[in-house]
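One structure is given below, encoded as structure tokens.
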């Protein structure tokens with residue numbers, strides 16, 4: 004879609020646009036004049052009569068009408084307070100649209116304007132303002148204002164919302180020059196002449212690209228990795244788990260030419276692969292099982308999306324299809340019911356973001372969610388920060404505010420089916436809207452007949468009554484009546500209200516009668532949306548046709564017809580083979596997971612402020628091949644890991660290190676710190692505890708959609724479940740803000756944003772985890788016990804432990820250190836215990852269970868009134884203890900190996 | 002306790018000497034040139050103390066957060082006109098209600114304080130009032146998040162104030178976390194309020210309960226044998242350092258274990274209030290149970306600050322008086338008044354107030370209008386907080402609300418201005434304290450923020 008002019012919005016230099024609400028048109032005027040208008044000063048007589056009239060009316064509004072609103076209405080109907088009854092009086096559109104009772108102001112129609120009806124209402128209970136009447140003069144002023152067209156101050160449209168100037172992009176140069184959005188042309192694999200020192204080095208095309216750079220920059224590749232190293236590397240990179248001892252031995256003894264290739268192919272087909280690479284995508288998809296943010300409400304059905312991602316990786320679903328399903332799965336044709344369901348679940352991608360359900364103003368809630376979706380899609384798929392253009396043109400990239408709202412129109416025409424609505428304050432299930440969920444039942448949802456509807460209506464009435472009872476008890480209490488008795492009364496009233504709410508929900512909730520998912524569907528009303536001035540949702544500028552960012556106008560796009568949201572067109576545009584960014588971004592993401600850094604280091608940002616590719620030709624080569632290979636992630640990975648470059652050793656070379664300390668030119672393999680998940684999963688795996696697949700009953704999937712504080716019974720239950728679980732980490736409850744220590748300690752993923760690469764930090768809390776956490780202790784103990792069981796074996800104990808934990812044998816020096824550690828440890832322990840025995844016994848640990856006396860729900864909008872009960876917190880229990888000193892010593896040895904730097908690095 | 006590791010060739014002392022000299026670096030010295038080293042961000046260096054952007058007195062800060070929005074008009078904000086307007090219809094609709102608490106003047110400055118803060122009122126001459134504050138959202142969840150992270154849009158997860166400060170200044174004591182938050186709200190953004198968002202996880206706040214609990218701090222085995230275990234671990238690390246496959250972060254990992262071992266001993270001691278003399282415990286009013294929560298927090302805050310923790314936040318919830326304003330305020334103030342006064346006095350008598358900044362207040366204020374028979378609704382257009390200590394003018398008031406205490410009219414400070422000012426008091430320029438994320442430089446004040454230089458001593 005090429006630049007389209009929006010009316011005469013296009014401006015130059017000092018000119019600004021003013022949108023005239025009353026006339027519904029745009030006027031171009033000189034900015035000096037706009038200042039005069041703004042100041043409300045009467046302009047001189049050279050103006051047209053119409054303008055004079057307008058300005059008189061504007062002055063009338065400012066002098067007579069706005070003060071009435073400010074004085075009598077703002078406390079309940081304005082930006083700084085709330086929108087009682089859904090109405091605001093400080094926003095013109097809101098006045099015209101009105102609140103729950105209908106349009107407040109109909110310009111020109113005094114009698115039909117609800118505002119006039121309410122300020123003149125004879126019934127004091129219904130009249131506004133609630134605490135007194137407006138004067139006769141004030142009412143007449145309001146009538147006059149409406150009669151004369153309800154004129155409202157004009158909106159200044161800043162000039163920095165549309166980078167087009169006379170049809171040309173301001174950044175036309177950038178548009179033509181920045182590498183990321185240029186079309187991909189066929190690349191040629193570099194030839195390394197016979198005289199090249201690396202002529203015989205390359206094994207694959209990837210190697211040729213890499214080696215060609217060495218020649219230019221003067222680095223020399225290190226040796227190839229040893230077999231033990233490479234096996235550990237490929238296992239971790241493809242599955243997130245180490246090889247078992249048997250697998251290691253089998254590989255070492257496999258002398259066939261393609262032994263490595265066979266391992267790669269086997270791993271690509273394994274569950275572990277789908278889980279590991281599924282997790283990578285969940286990082287990008289900012290996966291989380293709750294809204295996070297100001298009020299944390301669960302998404303109990305989000306896990307279906309997680310499983311969808313894992314299954315898609317397992318099946319090697321073509322990436323273009325994978326994206327299309329996540330963005331427009333509901334709109335894609337399906338060949339079976341199963342496929343239809345899968346596609347519906349896929350749209351969870353758009354629904355599971357961070358949301359502020361406590362947002363008072365629906366228009367802001369909607370636009371914030373649109374922004375969240377734009378941010379996620381643009382970063383995840385395009386490596387672009389389109390969200391920057393929400394308030395003004397992008398400062399660095401050629402993305403205009405107009406581009407943003409063209410994009411926003413697509414998402415604004417899309418309805419979130421996350422089971423939630425926004426409102427300011429609310430207790431219990433107040434935020435839950437069951438009909439905003441996607442039913443996955445095989446049978447169509449039971450039609451609600453009259454009889455059932457009557458029951459629902461009756462229950463609703465009861466719930467409503469109980470709610471007002473509750474509020475009455477809460478608010479109409481005399482000072483002297485307060486106390487435990489009143490508190491108990493209030494508690495009972497709250498319980499009764501919540502029970503009644505739950506009964507209504509139970510009758511209408513599809514989640515009670517069958518499987519449901521969260522996702523999106525097209526809104527009932529689809530259409531273009533307006534530019535919002537400075538990103539403020541209420542300040543509507545000109546409408547922009549739905550479309551895609553101009554900077555990619557060379558990518559063929561389908562027109563979006565009036566009755567469609569445009570998501571399907573968007574999905575196809577994103578995955579068009581000629582879309583150069585989508586493919587570059589994904590091959591770079593894959594590369595970065597295998598080389599510890601991307602060819603473009605800033606994996607989520609391919610814009611002007613991002614990194615430039617170290618090997619642009621290689622990146623394009625991979626992108627082209629990727630499309631040729633049917634967008635297959637597995638084929639791409641296979642190609643990369645079979646390269647010789649991937650199989651370099653992770654050793655240093657003094658000369659190359661000076662030239663290229665960051666290893667940008669891949670003269671060695673960069674070591675990678677294990678992710679939080681890999682560390683936890685490995686400990687489970689090597690201690691024989693890991694169970695495959697997800698658990699069947701997971702508490703985060705059963706949560707009622709009630710606000711979830713991060714302490715209290717429910718949160719503690721989730722943490723306890725995670726602590727006890729023997730499943731892989733991506734199957735743990737991943738409610739935002741309630742993350743188990745085993746995942747948060749090692750730079751766990753920040754679930755609030757697209758995260759293509761994780762932080763790696765080294766801090767003492769990690770050391771404390773390794774030294775003291777019951778999870779590490781228990782794993783170590785199990786390994787120690789198992790090693791002792793096999794003590795009949797001829798292999799020394801220390802050696803067996805080394806192989807179990809680090810997948811290698813110890814060096815003689817290491818074996819010696821370990822051996823003397825064991826004997827010293829036993830000696831010290833025995834001595835100190837005999838010493839203790841002669842004195843009073845001191846327990847090594849008193850391990851009471853973690854308990855908390857805090858309540859699990861927050862009652863209403865109010866902050867807790869009487870402070871928080873003190874949290875009684877203690878460390879969790881080690882469920883098993885060593886049975887004697889040598890077992891203890893061995894456990895300590897195992898634990899030291901798990902704690903070692905070597906354990907947490909992939910060679 | 003540790004020195005007598007018989008028969009072990011590496012004593013802790015010699016090990017520490019090695020690590021102190023950067024033993025990993027020594028091992029790798031042949032391979033890593035100086036230039037190479039400086040280009041690679043060294044993980045362990047992220048927490049080292051860093052020089053401020055400009056000289057400032059404040060080396061650390063204690064943020065006393067009253068969650069739920071304290072009514073300024075019943076405590077620190079005396080409004081004679083409001084006192085005479087009881088029952089009148091006020092601006093914007095609603096009936097004005099005067100404070101039912103008696104105000105009187107204190108100190109040489111003659112500052113008015115209500116009877117709810119009898120102890121703290123004696124310190125008014127030390128306080129620097131910000132009386133013209135305003136913010137964007139009159140709902141706790143968003144306002145709490147904005148106060149802590151600067152984000153007006155709660156769907157945007159941004160680093161917290163404490164994380165920014167530690168990012169800017171590092172810590173003064175690497176054996177302790179740089180940012181500690183005690184008893185933070187479990188909702189209203191929860192961990193976002195002390196999170197690091199896109200800043201490295203180093204900078205996030207460490208949450209401890211008001212009884213001083215921190216997970217995994219208790220040695221899982223007797224310290225004597227745990228030391229042996231760590232000695233083995235470090236010996237294995239030394240072995241690894243000799244190999245060409247040693248990771249670049251090895252030195253940092255080695256240090257992390259020494260720090261952890263020290264923390265295990267020092268942090269519980271630090272949080273153990275029993276070691277304080279009785280007169281100090283009495284000064285704060287320390288007792289067990291929920292009632293003593295805030296007193297314990299104040300004393301822990303002093304101990305943590307004294308030990309060099311850069312940013313300490315403590316929290317007293319329960320100030321959201323839509324109803325039960327009268328008794329509610331009496332109860333809350335009774336919990337807070339004596340301890341916070343003791344904190345000021347104790348910091349001063351130890352000379353800590355010289356280089357410690359104290360910030361006291363809520364996410365917003367409350368209206369001069371009545372809500373129900375005994376309550377006040379939220380007010381984001383004008384409210385107060387106070388500062389004390391390093392770098393601020395003592396006994397000073399900056400800004401003001403109108404005569405009814407509704408709108409800030411003078412010395413207006415938005416939440417971003419507050420952030421800019423706090424950073425400046427710590428020696429940090431809010432416009433320079435940036436971090437690259439998502440293709441641009443981010444800062445806590447985003448695109449605004451004005452430092453209230455008027456309050457600088």
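Protein chains in written order, with this note's numbering: chain A, 4 to 910; chain B, 2 to 458. Using N, Cα and C, we set each Cβ at its ideal position, and we do this for glycine too.
Taking residue 899 of chain A as the query, report the chain B residues whose CB atoms sit under 9 Å from its CB, ordered along the chain. 230, 231, 233, 234 and 237
Among residues of its own chain, excluding the 5 on either side of residue 884 of chain A, which ones have a beta-carbon nearer than 8 Å to its beta-carbon? 784
From the beta carbon of residue 444 of chain B, is the nearest beta carbon of chain A less than 8 Å away? no
Sub-8 Å separation of residue 166 of chain B and residue 427 of chain B beta-carbons: yes
If you drop the 5 nearest sequence neighbours on each side, which residues of the same chain put their C-beta closer than 6 Å to that of residue 892 of chain A? 825, 828 and 829
Give the residues of chain B in contact with residue 83 of chain A, contact being defined as C-beta atoms less than 7 Å apart. 139, 381 and 382
Assuming residue 360 of chain A and residue 434 of chain A are in contact, meaning their beta carbons sit under 8 Å apart, how far apart are those beta carbons, in whole angstroms? 5 Å
Spell out a yes or no on whether the stretch 271–287 of chain A and the stretch 301–320 of chain A are touching, meaning 3 or more CB-CB pairs, one atom from each, closer than 8 Å. yes
Residue span of the alpha helix (DSSP H) that contains residue 403 of chain A, given as start and end: It is not in any alpha helix (DSSP H) - residue 403 of chain A carries neither H nor E in the DSSP assignment.
Among A/767, A/786 and A/898, which residue has its Cα nearest to the Cα of residue 254 of chain B? A/767
So, is the C-beta of residue 45 of chain B closer than 8 Å to a C-beta in chain A? With a pLDDT of only 44 at residue 45 of chain B, under the threshold of 50, the placement of this residue in the model should not be trusted; the figure read from the coordinates follows. It does: the Cβ of residue 45 of chain B has a partner Cβ on chain A nearer than 8 Å.
Under the rule that 16 or more other beta-carbon atoms within 10 Å means buried, what is residue 2 of chain A, buried or exposed? Because chain A in this structure spans residues 4 to 910, residue 2 of chain A falls outside the shown range and cannot be described.
Tell me, which residues are paired with residue 183 of chain B by DSSP? B/209 and B/315
Rounded distance between the beta-carbons of residue 758 of chain A and residue 679 of chain A, thought under 8 Å: With 8 Å as the limit, residue 679 of chain A and residue 758 of chain A do not qualify as a contact, their Cβ atoms being about 12 Å apart.
Is the beta carbon of residue 223 of chain A closer than 8 Å to that of residue 656 of chain A? yes
Go through its chain and collect everything with a Cβ distance to residue 325 of chain A's Cβ below 6 Å, but skip five positions before and after it. 315
Using beta carbons (cut-off 8 Å, strictly below), is residue 225 of chain B in contact with chain A? yes
Could one say the Cβ of residue 441 of chain B lies closer than 8 Å to chain A's Cβ atoms, at least one of them? yes
Specify, as a first and last residue, the run of the beta strand (DSSP E) that residue 92 of chain B falls within. Here residue 92 of chain B belongs to no beta strand (DSSP E), and DSSP marks it neither H nor E.
Exposed or buried, what is residue 328 of chain A when buried is set at 16 or more other beta-carbons lying within 10 Å of its beta-carbon? buried
Measuring only from the beta carbon, is residue 315 of chain A closer than 7 Å to any heavy atom that is part of the ligand NAP? Looking at this structure, you won't find the ligand NAP or any other ligand, since it has none at all.
Of all the alpha helix (DSSP H) runs that stay within the bounds of the stretch 225–266 of chain A, which reach a length of 4 or more residues? 230–242 and 248–256
Less than 8 Å between CB atoms is the rule here; does residue 189 of chain B satisfy it with respect to chain A? yes
Please state whether the Cβ-Cβ distance between residue 833 of chain A and residue 888 of chain A is less than 8 Å. yes
Can you tell which of A/95, A/85 and A/112 has the C-alpha that lies nearest to the C-alpha of residue 158 of chain A? A/95
Using a beta-carbon distance below 8 Å, is residue 405 of chain B in contact with chain A? no
Could you round the C-beta distance between residue 810 of chain A and residue 251 of chain A to whole angstroms and report it? I think they count as a contact, below 8 Å. 6 Å
Is the CB of residue 54 of chain B under 8 Å away from at least one CB in chain A? no
Partner residues on chain B for residue 788 of chain A, Cβ-Cβ distance less than 7 Å: Those do not exist, as residue 788 of chain A stays about 16 Å from chain B at its closest Cβ, beyond 7 Å.
Tell me the DSSP secondary structure of residue 248 of chain B in three-state form. coil
On a CA-only basis, which of B/98, B/68 and B/80 is nearest residue 372 of chain B? Give me that one, please. B/98
Classify residue 244 of chain B as buried or exposed, calling it buried when 16 or more other Cβ atoms lie within 10 Å of its own Cβ. exposed
When the Cα atoms are used, what is the spatial distance from residue 308 of chain B to residue 50 of chain B? 14 Å
With a CB to CB cut of under 6 Å and the five nearest residues on each side skipped, what residues in its chain are close to residue 718 of chain A? 741
Just grab the DSSP bridge partners of residue 909 of chain A for me. A/675
Could you give the DSSP three-state label for residue 896 of chain A: helix, strand or coil? helix
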